[in-house]
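Asker: Residue numbers (the numbering used here): 302 to 689.
C-beta: ideal position from N, C-alpha, C; glycine also.
First, the structure itself, so that you have it in front of you.
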């Protein structure tokens with residue numbers, strides 16, 4: 302079990318938390334997160350019209366997703382060092398500018414190359430913004446309010462998870478996929494304006510060099526913590542990536558039922574994210590233990606009750622609620638474990654999560670081919686429980 306013990310003595314000064322919470326800035330960051338994650342998810346719901354318009358196969362158009370993930374992973378590892386001398390206000394504003402530019406590039410792209418360029422720009426913004434999210438929250442609110450601030454910021458992910466795919470698909474049919482990306486650019490403009498108005502000046506903190514990543518990994522509990530993050534997120538993406546074939550082939554759920562179940566997942570995920578702040582203020586260690594345990598129990602229940610659609614819908618919602626707390630919980634753990642190097646710690650966290658997306662999908666695919674949908678649920682349970 303990963304402890305939430307006192308961190309090692311810092312080698313660099315940690316900025317003192319403010320006396321008064323800047324909640325306006327916290328909500329501005331949440332809107333930025335919503336814009337980034339919405340843009341990340343859009344190609345999944347617009348892939349067919351994008352491919353047809355650009356004159357490429359859907360497989361080639363799907364590289365828009367791969368490009369974003371690859372650049373996000375790389376950026377998360379180097380952004381703190383690359384921007385170590387720059388006011389964090391300006392760095393965060395630059396990421397919002399990149400969000401706008403990315404969506405405009407895609408909206409007006411004459412071919413696949415321009416789309417990939419725009420999606421690469423989004424990956425830089427996504428990886429950089431996530432890296433600095435926890436460290437920024439620490440500097441916007443008093444220490445006791447950090448879990449609640451992170452819960453608000455991560456709620457942008459949950460709202461985007463609920464809205465991006467169905468809205469993207471609907472609006473793509475109504476106004477065309479290029480106009481959908483223009484709308485995403487408009488969200489970026491709103492986020493930029495709000496952040497410009499509310500974000501205070503924030504001098505960089507910590508040593509923020511590439512060597513710092515290795516130093517942070519050597520801190521007590523960090524290596525075990527990152528392994529636990531990898532396994533829990535691999536468990537989630539193993540389960541979620543192959544949820545549709547499970548529901549279709551095992552439970553016999555139709556298209557309408559599938560849409561309802563996925564909507565339930567999104568709503569429950571948002572509820573879990575919203576509740577995370579209150580849970581973490583009570584007991585960080587217990588939340589780290591119980592949420593993956595609950596996810597694993599849902600996986601076992603799927604194996605036992607997989608042919609009952611109503612039960613499946615409830616189990617998916619409960620999984621979504623439990624998983625909704627996980628990103629907030631581990632981001633809070635980073636602020637407690639390495640408060641003097643929260644940006645570097647956040648970069649490691651983002652890199653591990655991006656890696657887990659690829660590993661979870663690949664591992665789930667191998668298990669699915671070998672033992673079917675029930676085997677995927679058992680594998681997801683194993684991954685979620687392994688760190689315990």
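Within 8 angstroms (strictly less), CB to CB, does residue 451 reach chain D?
Answerer: Among the protein chains of the structure shown there is no chain D, as only one such chain exists.
Asker: Under a three-way DSSP split, which group does residue 543 fall into?
Answerer: Three-state DSSP puts residue 543 in coil, outside helix and strand.
Asker: Does DSSP classify residue 404 as helix, strand or coil?
Answerer: In the structure shown, residue 404 sits in a helix (DSSP, three-state: H, G or I).
Asker: Please return the same chain residues whose Cβ sits closer than 6 angstroms to the Cβ of residue 306, not counting the five positions on each side in sequence.
Answerer: The pLDDT assigned to residue 306 is 41, lower than 50, so where the model puts this residue is not dependable, and the model offers no usable value.
Asker: When the Cα atoms are used, what is the spatial distance from residue 653 to residue 532?
Answerer: About 10 angstroms.
Asker: What residue does the alpha helix (DSSP H) around residue 440 start on, and which one ends it?
Answerer: Element bounds for residue 440: 413 to 441.
Asker: On the CB-based measure, 16 or more other CB atoms within 10 Å of its CB, does residue 669 come out buried or exposed?
Answerer: It is buried - the Cβ of residue 669 has at least 16 other Cβ atoms within 10 Å.
Asker: Taking Cβ positions, are residue 461 and residue 342 nearer each other than 8 angstroms?
Answerer: Yes, they are a contact pair.
Asker: Is residue 687 helix, strand or coil by DSSP?
Answerer: Note: residue 687 maps to coil in three-state DSSP.
Asker: Does the Cβ of residue 474 have 16 or more other Cβ atoms within 10 Å, making it buried, or fewer, making it exposed?
Answerer: With fewer than 16 other Cβ atoms within 10 Å, it is exposed.
Asker: Give the straight-line distance between the Cα atoms of residue 625 and residue 491, rounded to the nearest whole angstrom.
Answerer: The straight-line gap from Cα to Cα measures roughly 25 angstroms.
Asker: Considering Cα atoms alone, identify which of 424, 423, 450, 426 is closest to residue 435.
Answerer: When each option's Cα is compared against that of residue 435, the closest is 450.
Asker: Take residue 514 and list the residues in its own chain whose beta-carbon comes closer than 6 angstroms to its own, dropping the five residues that flank it on each side.
Answerer: The answer, listed in chain order, is 645.
Asker: Do residue 539 and residue 673 come within 8 angstroms of each other at the CB atom, strictly closer than that value?
Answerer: No; because the gap between Cβ atoms is not below 8 angstroms, this pair is not in contact.
Asker: Is it buried or exposed, residue 555, if we count other Cβ atoms within 10 angstroms and call 16 or more buried?
Answerer: That one is exposed.
Asker: What whole-angstrom Cβ distance do residue 431 and residue 647 have, given they're in contact under 8 angstroms?
Answerer: Rounded, the Cβ-Cβ distance is 7 angstroms, consistent with contact.
Asker: Residues in its own chain within less than 7 angstroms of residue 389 by CB, not counting five upstream and five downstream?
Answerer: Cβ neighbours of residue 389 beyond the five flanking positions: 433, 437, 503, 505.
Asker: Which residues bound the alpha helix (DSSP H) around residue 636?
Answerer: Looking at the DSSP string, the run of the alpha helix (DSSP H) that includes residue 636 is 610 to 638.
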